[in-house]
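See structure below.
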Amino acid sequence: MSARDDVLAAVRAALGEDRPDLPAVDRSYRDRDPLPAGADLVDLFVERVEDYRAEVTRCAAADLEATVAAALAGAERVVVPDGLDLAVRGAVPDADLTPTGLDAVDAVVTRASLGVAETGTLVLTHGPGEGRRAITLVPDVHVCVLPASGVVRGVTDAVAALDPVRPQTWVSGPSATSDIELDRVEGVHGPRTLHVVLVSDA
Amino acid sequence: MARTFVGMPPFPVAARSALSDTRLRRNLAHATGTIREKRARVVAEVEDWEDLRRQAAAVKDATLARLDEHLLTLEAALTARGATVHWARDAADACAVVADVARAHGVDEVVKVKSMATQEIGLNEALAAQGIAAWETDLAELIVQLGDDLPSHILVPAIHRGRAEVREIFRTRMAAAGRPAPDDLTDDPAALAGAARLHLREKFLRARMAVSGANFAVAETGTLVVVESEGNGRMCLTLPEVLVSVVGIEKVVPTFGDLDLFLRLLPRSSTGERMNPYTSTWTGVTPGDGPQEVHVVLLDNGRTRALADEVARPVLRCIRCSACLNVCPVYERVGGHAYGSVYPGPIGAILNPMLTGVGSDPATDALPYASTLCGACGDVCPVAIDIPGLLVHERVRVVDAHRADPRPKPEALAMRAAAWVLGDSRRMALGERASGLAGRLRTRRAAPGGRGVLGWLPFPGSRWTGARDLPTPPVESFRAWWRRTGRDEGQGRR
Ligand code: SF4
């Protein structure tokens, strides 16, 4: 018998023929608001992103390019994904850069698909404007643009809104470790600086 | 088989020597104390935490009850999205799959995301035997690997090491594995993390094949999920051409929507954060993004043994958060090595005997006794596993397995060690809890046939039950009641 047959047979033998229905999962947790009463959605998102020691700048749509430029201060070569609708100084379009090629740029600018206020999380789904996964990983600085309207309340709302078939990266602050004496240190392998630019809708 | 570490003495012996290591005890007390506080803070933010635990348990139970169907759905979804699915009865099967893929691509090294499943199957050793180097890329795993050491915690495998020790390991061992540590390396954690970044980056940039586990596998869509902090996981999941993920069959959840429970419960329980820095999901092969050859190995390795035991089955809900380790008074004092297995702490004390079976290996048989049954582990478990109840269940199985055997029973040895570990102030709580559990067992038919449960109450109870019947005690002890009704979680529990 193949390993497949053996494993499935072992599972079936373990469960037996008689399989009573178990109580259904009660999904009423999805109706409960995960945020503290009276909290402002966007303010809370900003506060919780900053809790991870990421930087957040809020700006009006008209000031977006200037704000991104300021966030990139000093970066000379900046990788940008296909479909990014922003002029970026020093832009290096991502034309299948190798990992070593990515390691030689200073920063990356992308958009994100949504933000989660409950946890201060950005979610990238790596379509146009966000780019393949490697470009937001190898450079040391990630400037990430999100419209304020892209902030959802909780993890439950985010999961419901996302397409599982697209690759996703949930980003909550810069890369970090607590592996040495449980001391939190920002910046191991991913970008050591995460700068979120939150664009107001007006 | 999930093995206990070869040559490790059984828990009571190992615990004795661990206890005399004062530096180890200091490191552990500091680390577990820190993480307990962080967890308590972020869990308190979630008002319906108890309900989330219950529903997460319900999702897992329902999935396990139809595991064959979900596995077939998962296999079909993965295959439809371009992944190759392999099945593994045991460690040997799984290691052979990974080695075959490596050989097919002619690679002599792989980069690894920290994964309990690959540790459980001894993958690094199996690959080394075939001339393939497996580089651990999680910082703590790197410390363990460079130090020729064993992991001692599920989340923070180098929790037993202080910063000065880490510096010494990096200074003396990094050069042999690749880029050496900088000459002026200090013991500042940021400097140590910086040295690891440089050391591992050259490995990430040249790696052609990666090996990972997965925290969750979504049956309906074939989506795998890896939850991590450092970005080493993202490096491994994104940069190489070939990715092999070894996934225990109990990691299945039916739908992507079910993740809304687990992505809320896991980070808060595990690192004590609202969310971990990085969570990656991928579904088979995504053209133009990440590995273009994706393999998934579905691993049994004893899980169906646990599945077959209806009382023990909930152990397969475990999402490896390690919260039960951090609150365990025994773990805090002796550390992970004393358990002699890749799964230490309360979860290890039930999971190892279930995966491997009892009655043949004294080290495994001693594990269910490596506990005071204080109940802290069950209180924090995000999937509401009744760990103390299952510890007692495993003790029953160990005792049953040795019925006809005249050698001294492990419980006698282990209880002596436990008494010594905890000292006088603990005896009251111990006695209360042990008798309270006996009360629960009576009503929940945990012991096979319900026989003899009260006949072997552990010492000091054994002195009593040796000669008398024990009246059924209350289900909840006074101390447990006091904790539940009068005190905040995480306070004053050491
Ligand atoms: S048994 Fe529960 S608390 Fe322990 S590691 Fe597993 S999920 Fe976490």
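So the protein lines, in turn, are chains A and B.
In terms of this note's numbering, the first sequence opens at residue 1 and continues consecutively.
In terms of this note's numbering, the second sequence opens at residue 1001 and continues consecutively.
All residues carry an ideal CB built from backbone N, CA and C; glycine is no exception.
These numbers come from a predicted model, not from an experiment.
Query                                                                                                                                                                                           : Result
CB-CB under 7 Å to Val78(A), same chain, minus the five flanking residues each way: which ones, in chain order?                                                                                 : Leu72, Val88, Gly90, Ala91, Val92, Val105, Asp106, Ala107, Val108 and Val109
Just how far apart, CA to CA, sit Asp1361(B) and Val1383(B)?                                                                                                                                    : 29 Å
Output yes if chain B places a C-beta closer than 8 Å to the C-beta of Pro23(A); else output no.                                                                                                : yes
Does the Cβ of Ser28(A) have 16 or more other Cβ atoms within 10 Å, making it buried, or fewer, making it exposed?                                                                              : exposed
Cutting at 6 Å between CB atoms, please list the residues of its own chain near Asn1232(B), excluding the five before and the five after it.                                                    : Thr1137 and Asp1138
With a 10 Å radius around its C-beta and 16 neighbouring C-beta atoms as the bar for buried, classify Thr1022(B) as buried or exposed.                                                          : exposed
Going straight from the alpha carbon of Val196(A) to that of Asp94(A), what length do you get?                                                                                                  : 21 Å
Should Cys144(A) be listed as close to the ligand SF4, given that the test is whether its C-beta is under 7 Å from any heavy atom?                                                              : no
Pick helix, strand or coil for Ala1014(B), following the three-state DSSP scheme.                                                                                                               : helix
On the DSSP letters alone, give me the boundaries of the alpha helix (DSSP H) that Thr1172(B) sits inside.                                                                                      : Arg1163 to Ala1177
Closer than 9 Å, Cβ to Cβ, to anything on chain B: give me those residues from the region 44 to 63 of chain A, in chain order.                                                                  : Arg48, Asp51 and Tyr52
Leaving out five residues before and five after Gly74(A) in sequence, what residues of the same chain have Cβ atoms less than 8 Å from its Cβ?                                                  : Asp106
Secondary structure at Lys1112(B), three-state DSSP: helix, strand or coil?                                                                                                                     : strand
The ligand SF4 and Arg1081(B): does any heavy atom of the ligand fall closer than 7 Å to the residue's C-beta?                                                                                  : no
Of the residues Asp33(A), Ser2(A), Val46(A) and Leu41(A), which one's Cα is nearest the Cα of Ser172(A)?                                                                                        : Val46(A)
Is the region 1334 to 1344 of chain B touching the region 1280 to 1295 of chain B, taking contact as three or more C-beta pairs under 8 Å?                                                      : no
Measure the Cβ-Cβ separation of Ile1132(B) and Ile1169(B) and say whether it is below 8 Å.                                                                                                      : no
Rounding to the nearest angstrom, what Cα-Cα distance links Arg1274(B) and Ala117(A) in this structure?                                                                                         : 11 Å
Would you report the Cα separation of Pro1240(B) and Gly1147(B), rounded to the nearest angstrom?                                                                                               : 26 Å
Along the chain, where does the beta strand (DSSP E) that runs through Ile1265(B) open and close?                                                                                               : Reading off the sequence, residue 1265(B) comes out as Leu, not Ile. It is not in any beta strand (DSSP E) - Leu1265(B) instead sits in the alpha helix (DSSP H) that spans Leu1259 to Ser1270.
Helix, strand or coil for Pro99(A)? Go by DSSP, reduced to three states.                                                                                                                        : helix
Which ranges does the alpha helix (DSSP H) cover as unbroken runs of at least 4 residues, wholly within the region 1319 to 1370 of chain B, from first to last along the chain?                 : 1323 to 1326, 1329 to 1334, 1345 to 1356 and 1362 to 1366
By the 8 Å beta-carbon criterion, what residues does the region 1268 to 1284 of chain B contribute toward chain A?                                                                              : Thr1271, Glu1273, Arg1274, Met1275, Asn1276, Pro1277, Tyr1278, Thr1279, Ser1280, Thr1281, Trp1282 and Thr1283
Quick one: residues in its chain with C-beta nearer than 6 Å to the C-beta of Arg111(A), no 5 flanking neighbours on either side, listed in chain order?                                        : Gly129, Glu130 and Val145
Give the residues from the region 113 to 128 of chain A that approach chain B closer than 8 Å (Cβ to any Cβ), ordered along the chain.                                                          : Val116, Glu118, Thr119, Gly120, Thr121 and His126
Out of curiosity, what's the CA-to-CA distance linking Val1315(B) and Arg1333(B)?                                                                                                               : 24 Å
Does the region 1292 to 1311 of chain B touch the region 1072 to 1086 of chain B, meaning 3 or more C-beta pairs lie closer than 8 Å?                                                           : yes
Can you check whether the CB of Glu181(A) is closer than 8 Å to the CB of Arg1163(B)?                                                                                                           : yes
Closer than 7 Å by C-beta to Thr1221(B): which residues in its own chain qualify, once you throw out the five before and the five after it? Chain order, please.                                : Ala1077, Phe1256 and Thr1283
Can you find the residues in the same chain that come closer than 6 Å, C-beta to C-beta, to Lys1114(B), ignoring five residues on each side of it along the sequence?                           : Asp1138 and Glu1141
Is the Cβ-Cβ distance between Ser1152(B) and Gly1335(B) less than 8 Å?                                                                                                                          : yes
Measuring only from the beta carbon, is Arg1234(B) closer than 7 Å to any heavy atom that is part of the ligand SF4?                                                                            : no
Taking the alpha-carbon positions, what's the Arg1426(B) to Leu1150(B) distance?                                                                                                                : Here the model assigns Arg1426(B) a pLDDT of 45, short of 50, so the residue's position is not dependable, and the following value carries that caveat. Computed Cα separation, rounded: 30 Å.
Might you give, ordered along the chain, the residues of its own chain that have their beta carbon closer than 7 Å to the beta carbon of Leu1024(B), omitting 5 neighbours on each side?        : Ala1018, His1160 and Gly1335
Listed from N- to C-terminal order along the chain, which residues in the region 170 to 183 of chain A have their beta-carbon within a distance smaller than 9 Å of any beta-carbon of chain B? : Trp170, Val171, Ser172, Gly173, Pro174, Ser175, Ala176, Thr177, Ser178, Asp179, Ile180, Glu181, Leu182 and Asp183
Which residues mark the beginning and the end of the beta strand (DSSP E) in which Thr1032(B) is found?                                                                                         : Looking at the DSSP string, Thr1032(B) is not in any beta strand (DSSP E); the run it does join, the alpha helix (DSSP H), is Thr1022 to Ala1044.
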